[in-house]
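These notes concern the structure reproduced below.
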Amino acid sequence: MSLTNYLADPRPYSAAKWTPKSDVLTVSRYDNDRLFLQTTRDSVDVYAYTRLTLPAGTYRFGAEISYPQVSYASNPLRFIRLNPMQEMLNATWTGVHGRYVTGANTLTEQTQVELRVMCGPQAHSQIWYRHLFLMTDDDYQTMRDEAIEWFCGDEYESGGGASS
C-alpha cells in the first residue's frame, strides 16, 4: 500500500513553510515536531498558511490539534482555492484536542491552494498542530479502510502502533 502526503514538512521539523497572516501571530516549531501558534494581541481571522499547486483531484487536509489556550477558532483547518479565491470545505472544531480532517475538496483542474491553520482571536491565544497531511480523498479512504488511524508522512499509526 502506498499513501502520498503532499505537504513537504508534515511532522513539522520547521516552521519555515508556514507564513503568519499578520504581525499579531508568531509561528514557531515546538518540541515533539509541533507547529506552535500564538497571538500577541486581539485580532480576527488569525492564521498561518502554506501554498502549493495541486493537480485536479479531490483532497483532504488533516492535523492533530492541541487543546487551545485562551481562545480558539471554530474552523482550525481551512482549504482555500486561489485564482479565483474560494473557501472550500474546512474542518469544524469545538476546542477539544484530537485529529481533525476537512471535508473532501474537489479541484477540477491544476490549482494553487492555500492551507490555513488557525489560532484564537484573543491576545495570548496558543495552539499547536502536528502530524499534518494533505492527501487525495482516495488515499484518505484507503487509510480508513485499512484501519490506519493516522498518517502524516513516512509513518502511519494503526491499531497496533506506529509503522513506517
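Numbers given in the numbering used here equal positions in the sequence shown, counted from 1, plus 69.
We treat Cβ as the ideally placed atom computed from N, Cα and C, and that holds for glycine.
For clarity, every value in this text was computed on a predicted model and none was experimentally measured.
- When the five nearest sequence neighbours on each side are left out, the beta carbons in the same chain lying within less than 8 angstroms of the beta carbon of residue 205 are those of 73, 126, 127, 128 and 129, in order along the chain.
- Taking a C-beta distance under 9 angstroms as the contact criterion, residue 199 and residue 80 qualify as a contact pair.
- CA-to-CA, the gap between residue 142 and residue 88 works out to about 18 angstroms.
- Looking at the DSSP output, residue 160 sits in a beta bridge with 146.
- The residues 76, 86, 87, 88, 183 and 184, in chain order, have a CB closer than 8 angstroms to that of residue 119 in the same chain once the five nearest residues on each side in sequence are set aside.
- The DSSP assignment places 167 to 170, 174 to 176, 180 to 188 and 195 to 205 as complete runs of the beta strand (DSSP E) inside the region 162 to 218, in order along the chain (cut-off: 3 residues).
- Apart from the 5 residues on each side of it in sequence, residue 84 sits with its Cβ closer than 7 angstroms to the Cβ of 96, 97, 98 and 104 in its chain, given in chain order.
- Shown here, residue 128 sits in a strand according to DSSP, grouped into three states.
- Residue pairing for residue 137: DSSP places it in no beta bridge.
- The criterion of a C-beta distance shorter than 9 angstroms is satisfied by residue 136 and residue 165.
- With distances taken between CA atoms, residue 176 lies nearest to 149 out of 192, 149, 219 and 162.
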